[in-house]
Amino acid sequence: MKKLLLAVAVSSIAAGSASAATIYEKDGFTYKLNGDFQVQMRQAIGNDERAEVEYDDLELKNYVSYELGNDLTAFGRLDFGFKDAAEKDENGSNLEEAYVGLKYNVVSFSFGKQNFASDEFGIEEAYEIKTIDEDRFDDTGTDGDDTLRVDVELDNVYIAASHEMDARDDGDGIDGEYFDVFVATDIADLTLAAAYQVNNPAGSADSLDTYGVSASYDFGFMNLAADYSVTDDNNTDFETKQYNIAAVFGVASTTDVAVGMGNKDSDENGFEDITEWYANVTYKFPQAKNVSVFAEVANSDLEKNGTEVDMGMLAGLRVKF
């Protein structure tokens, strides 16, 4: 589930999550730990799908930093995910992020295993998407293990740029090269954002170029947002497009209701556009806003073997710190 673009994001690359617990802090050294545990009962969109327990997030994120003086900070992050281990009854964890970097004033530079700048893009508010992608960047790739990244946090503008090196990982990671840029700005209650990615897959003659734009507006009683993204495959000359619309209503201080839909289309031969819609409700306990329960229904006009898919639904509990 992506966070609706309500205001210019503050990067957690160099500062750690805002909700992280400070475990130790002394003499310019800081160690923070945050977690995100989301477990749900889900019957996915599809034909003859069975309800099952799913583990959407089981993450522990470690962040350390040293104050070096003169507005210079050294930092590192090590994140582990246990979702696959829980789903597939495996032992151990999955390393999700591992990087180090330096921050000076409003600019940070990091390198290692981390998200691309384009991962910041998107306004989709579903807990789960089944028959389409979150956006075009979600389909082409938004993380790597040979990634260089720069983040700039100004008063009303946030800029991120990243480069995934063409490191030829021989099946152990991403093969190919990525260049990504993301920019967002606030104008009163309006937030605008744009992203661009050039992907040069290993073994392909030409690149896949993806771009996207998004906007959101805070009306007070609701937040309304939309995004549009396109991928041009220069190897096939096919173009794939997707748009999303989402609205979030704060029906109470503890309760949010979200509705939205997305449409994916392509000029590839035989491709029929797919529309998926969803509606969900989230209740945060007033005594602990990091604990929430949620429920969602969703459906799609996708047909499998000439038969329309059945509606999906889920309900779960999320605990984070």
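Residue numbers (our numbering): 215 to 535. The C-beta atom is built at its ideal place from N, Cα and C for all residues, glycine as well. Here the structure is a predicted model, which is why all the values come from computation and not from measurement.
{"Asked": "Minimum length 3: unbroken beta strand (DSSP E) runs contained in the segment 400-456", "Found": "404-415, 422-432, 436-447"}
{"Asked": "Beta-carbon spacing of residue 513, residue 261 below 9 Å", "Found": "no"}
{"Asked": "Test item: CB-CB of residue 339 and residue 492 under 9 Å", "Found": "yes"}
{"Asked": "Integer-rounded CB distance, given that residue 534 should sit under 8 Å from residue 251", "Found": "7 Å"}
{"Asked": "Same chain only: Cβ atoms within 6 Å of residue 499, ignoring 5 sequence neighbours per side", "Found": "505"}
{"Asked": "Cβ-Cβ separation, residue 310 to residue 325 (assumed contact under 8 Å), whole Å", "Found": "Rounded, the Cβ-Cβ distance is 16 Å, inconsistent with contact."}
{"Asked": "Nearest candidate by alpha-carbon position, reference residue 349, set 359, 357, 337, 484", "Found": "337"}
{"Asked": "For residue 302, the nearest candidate out of 450, 268, 521 (CA to CA)", "Found": "268"}
{"Asked": "Identity of the residue in 415, 405, 460 nearest residue 476 by Cα", "Found": "460"}
{"Asked": "Other residues of its chain near residue 376: CB distance less than 7 Å, five sequence neighbours each side excluded", "Found": "330, 331, 361, 362, 363, 394"}
{"Asked": "Strand pairing of residue 238, partner residues [DSSP]", "Found": "245"}
{"Asked": "Beta strand (DSSP E) segment containing residue 496, residue limits", "Found": "488-499"}
{"Asked": "Residues near residue 300 by beta carbon distance below 7 Å, same chain, minus five either side", "Found": "269, 272"}
{"Asked": "Start-end ranges of the beta strand (DSSP E) lying completely within the segment 321-347, minimum 3 residues", "Found": "321-329"}
{"Asked": "Test item: CB-CB of residue 441 and residue 403 under 9 Å", "Found": "no"}
{"Asked": "Alpha carbon of residue 367 to alpha carbon of residue 345, nearest angstrom", "Found": "35 Å"}
{"Asked": "Pair within 9 Å by beta-carbon distance, residue 277 and residue 291", "Found": "yes"}
{"Asked": "Residue burial classification, residue 334 (beta-carbon count within 10 angstroms, cutoff 16)", "Found": "buried"}
{"Asked": "Straight-line Cα distance separating residue 249 from residue 487", "Found": "37 Å"}
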